[in-house]
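>
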Amino acid sequence: MPGLGYANAFIDLAIAIAISEFAIAISEFAIAISEFAFVISEFAFVISEFAIAISGYSVAISGYAIAISGYSIAISEFAIAISGYAIAISGYAIAISGYAIAISGYSIVISGFLLLIVLILKQQIDMKNE
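Terminal number for the sequence shown in this note's numbering: 1433, no gaps in between.
(1) Identify whether E1433 lies in helix, strand or coil by the three-state DSSP scheme.
(2) Mind checking L1316: buried by the 16 CB within 10 Å criterion, or exposed?
(3) Here's the rule I'm using: 16 or more other beta-carbon atoms within 10 Å means buried, otherwise exposed. How should L1422 be labelled?
(4) In whole angstroms, what separates the C-alpha of Y1367 from that of S1361?
(5) Pull up the distance between the alpha-carbon of I1322 and that of E1338, whole angstroms please.
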């Protein structure tokens, strides 16, 4: 019976197609798992960027604090420039007065000038002793 041969061929073809579709389904599942892993990886990358952003914000805040202290040092440098003494001494006084600004705030104006006077007197005494 020739019809039976065709029927068997169609059954074999249907089985082959079913197996092929099953293999495609498994392959698509593997792709889905791979994409899920990629999404997790992107999520981790986003968390990492968020951490960098937070740390960048901290740097920005500390940079702002440095800018404020730099302004205070600039005022202190201006006062030292008026006195007209050596750069080495004025640099030392700026370092000390910057430290005092961090500790005492308002009193730096007084302590900075007192320190400057002491340093000037010390320099004059050292020059006389030479």
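Ideal Cβ placement from N, Cα and C applies to all residues, glycine included.
Considering the structure as presented:
(1) Reading the sequence shown from its first residue, position 130 is the one you call residue 1433. Coil, per DSSP.
(2) The residue labelled residue 1316 in the question sits at position 13 within the sequence shown. With fewer than 16 Cβ atoms within 10 Å of its Cβ, L1316 is classed as exposed.
(3) For the purposes of this step, residue 1422 is taken as residue 119 along the sequence shown, with counting starting at 1. Looking at its Cβ environment, which holds 16 or more other Cβ atoms inside 10 Å, L1422 is buried.
(4) Position 64 of the sequence shown, counting from 1, holds the residue named residue 1367. Position 58 of the sequence shown, counting from 1, holds the residue named residue 1361. When rounded, the distance between both Cα atoms is 10 Å.
(5) On the sequence shown, position 19 is the one that residue 1322 refers to. On the sequence shown, position 35 is the one that residue 1338 refers to. Here the alpha carbons of E1338 and I1322 stand approximately 24 Å from one another.
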